[in-house]
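J.: This structure is in structure tokens; I'll ask about it shortly.
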Amino acid sequence: MIRKKRNIKKINFGDSVNLIPMINIIFLLLIFFLLTGVIQKKNESNISLPESFFGKKKVNEKKELTISSDGKILFKNSPSNLDSIKSMKIISDEILVINIDEKAKIRRFNEIVNIFKSKGLKKIYINVKHKND
1376 MIRKKRNIKK INFGDSVNLI PMINIIFLLL IFFLLTGVIQ KKNESNISLP ESFFGKKKVN
1436 EKKELTISSD GKILFKNSPS NLDSIKSMKI ISDEILVINI DEKAKIRRFN EIVNIFKSKG
1496 LKKIYINVKH KND
């Protein structure tokens, strides 16, 4: 009796690796790290705030003024100068938050505070970094 060999095709799994499960796991890890990562608002003006032990969390401010280390003034994130600040209309009940670089000249800060005081502004807050942070 002569036996015939059957033609059995051998499947070679080495040539075709299924990458879909690996892509799914990487995608899920990416989503996990994006959602659980620390998200911080980037400081647009690149100023380094002075440190204080007595700082409190800032209130929901209406107006924000930034003084950079070279003395440039940003009011509501747009460039400004002393003359434009002098010509502003200020309501005495408004709250002003000043972000000042720790290397900025105190003279510039005093000029700005005096302008707002002469306009009758009652509440001026200075944004600081807490020393324990």
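In this text, residue positions in the sequence shown follow our numbering: the first is 1376, and each later residue adds one. Every residue gets a Cβ at the ideal spot worked out from N, C-alpha and C, and that includes glycine. The structure displayed is predicted, hence computed values, not measured ones.
(1) How many angstroms separate the CA atom of Leu-1394 from the CA atom of Leu-1403?
(2) In terms of residue numbering, what span does the beta strand (DSSP E) encompassing Glu-1332 cover?
(3) So, under 8 Å CB-CB, Glu-1469 and Lys-1451 are touching, yes? Tell me the CB distance rounded to an integer number of Å.
(4) Can you pull the DSSP bridge partners for Phe-1450?
(5) Mind checking which residues open and close the beta strand (DSSP E) that includes Asn-1502?
(6) Taking the alpha carbon of Ser-1459 as the reference point, which residue from Ile-1473, Lys-1480, Ile-1490 has its own alpha carbon closest?
(7) So, is Asn-1474 buried or exposed, given that buried needs 16 or more other C-beta atoms within 10 angstroms?
(8) Give me the Cα-Cα distance between Asp-1445 and Ser-1455, rounded to the nearest whole angstrom.
(9) Return helix, strand or coil for Ile-1406, following the three-state DSSP convention.
(10) Could you tell me the distance, in whole angstroms, from the CA atom of Lys-1492 to the CA atom of Ser-1462?
(11) Any idea what DSSP makes of Ile-1398, helix, strand or coil?
(12) Thinking Ile-1448 and Lys-1494 are a contact (beta carbons under 8 Å), I'd like their distance in whole angstroms, please.
T.: Working from what's here:
(1) Position 19 of the sequence shown, counting from 1, holds the residue named residue 1394. Position 28 of the sequence shown, counting from 1, holds the residue named residue 1403. So the two alpha carbons sit approximately 14 Å from each other.
(2) There is no way to answer for residue 1332, as the model of the chain reaches only from 1376 to 1508.
(3) On the sequence shown, position 94 is the one that residue 1469 refers to. On the sequence shown, position 76 is the one that residue 1451 refers to. About 12 Å separates the beta carbon of Glu-1469 from that of Lys-1451, a gap too long to meet the 8 Å contact definition.
(4) In the sequence shown, the residue the question calls residue 1450 occupies position 75. According to DSSP, which records beta bridges pairwise, Phe-1450 is partnered with Leu-1440, Ser-1453.
(5) As a first step, residue 1502 must be located in the sequence shown, where it is residue number 127. Run containing Asn-1502: 1498 to 1502, per the beta strand (DSSP E) assignment.
(6) For the purposes of this step, residue 1459 is taken as the residue at position 84 of the sequence shown. Nearest to Ser-1459 by alpha-carbon distance, out of Ile-1473, Lys-1480, Ile-1490, is Ile-1490.
(7) Counted from its first residue, the sequence shown places residue 1474 at position 99. Label assigned to Asn-1474: buried.
(8) Locating residue 1445 in the sequence shown gives position 70, where the first residue counts as 1. Locating residue 1455 in the sequence shown gives position 80, where the first residue counts as 1. Going from the Cα of Asp-1445 to the Cα of Ser-1455 covers about 14 Å.
(9) Working through the sequence shown from its first residue, we reach residue 1406 at position 31. In the structure shown, Ile-1406 adopts helical secondary structure according to DSSP, grouped into three states.
(10) What you label residue 1492 is simply residue 117 of the sequence shown in a count that begins at 1. What you label residue 1462 is simply residue 87 of the sequence shown in a count that begins at 1. One C-alpha to the other measures close to 14 Å.
(11) As a working note, residue 1398 is residue 23 in the sequence shown. Helix, per DSSP.
(12) Numbered from 1 along the sequence shown, position 73 holds the residue referred to as residue 1448. Numbered from 1 along the sequence shown, position 119 holds the residue referred to as residue 1494. Contact flag wrong, Cβ pair sits at about 16 Å.
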